[in-house]
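Numbering (this note's numbering), first residue to last: 1 to 222. The beta-carbon is built from N, C-alpha and C at its ideal position, and this holds for glycine as well. The structure appears below as structure tokens.
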Ligand code: T5A
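Structure below.
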């Protein structure tokens, strides 16, 4: 593609299947000749990945809530400036596992932090960037936590996975609230079997990107 790229984000509670879905979205675009990059938040650049370590690793010194919020946005500012914007400027499809909606849901609804502060930080970090499409993988909290636990096996919970079911219920409700407000969202029933989740995602991509959907499979275009 020679024009500005496409920015797609995936959101949802723990274990919703975002990482799994990222690969399916990437395959859909690359089979149609698009150049794709996959990334994640917090993280996505070497410095932002260092911040991810601080954010996810439980430590004796508790991370204060404002520090958590500002560190998330510091990582996001690095990611936007050094990875996402350059990829989009090069005409790529950038697919990101979580973005600012996770801060609205986890820090805003989950932790109860000031949503207007979150929007101020978002304006500073995003520099006008907005996803073209946000796939919300929605499923009951208990199911997501069970999937995440099964995948984790005997390894330790990260800082967020230690939170209560209520915390994740507030997050799920906020994601659904955001999806009802912003047309860039598409809600996917992520409780369905994997093949049905993939089919829903393909249908959304087909509807939102009809020109790309019409390209022959295996096409390469500049
Ligand atoms: N955070 C992040 C904030 O608080 N604020 C922010 O602004 C940001 C950006 C990130 C943490 O940071 C917090 C939120 C998070 O707590 P993380 O390790 O990246 O930490 O956590 P998650 O993003 O939640 O990633 P997970 O790996 O836990 O969940 P996924 O990616 O949604 O799930 P996935 O794809 O790994 O699948 C989980 C398991 O379920 C299976 C998979 O095979 C896998 O084993 N699965 C299915 N099983 C049955 N049916 C299906 N349809 C399935 N889909 C997947």
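Query	Result
Would you check whether the ligand T5A has a heavy atom nearer than 6 Å to the C-beta of residue 197?	yes
Just checking: is the beta-carbon of residue 24 within a distance shorter than 7 Å of some beta-carbon in chain E?	The structure shown has no chain E; it contains just one protein chain.
Verify whether the separation of the beta carbon atoms of residue 89 and residue 171 is less than 7 Å.	no
Could you have a look at residue 111 and say whether DSSP puts it in helix, strand or coil?	coil
Let's test the definition: count the other Cβ atoms within 10 Å of the Cβ of residue 79 and tell me whether it reaches 16, buried, or not, exposed.	buried
Work out the CA separation of residue 12 and residue 201 for me, nearest whole Å.	14 Å
Between 6, 44 and 97, which lies nearest to residue 75 when the distance is taken from Cα to Cα?	44
Does the structure place the region 130-145 close enough to the region 47-58 that three or more beta carbon pairs sit under 8 Å?	no
What is the DSSP secondary structure of residue 137, reduced to helix, strand or coil?	strand
Just curious, the alpha helix (DSSP H) that residue 204 is in, first and last residue?	194-208
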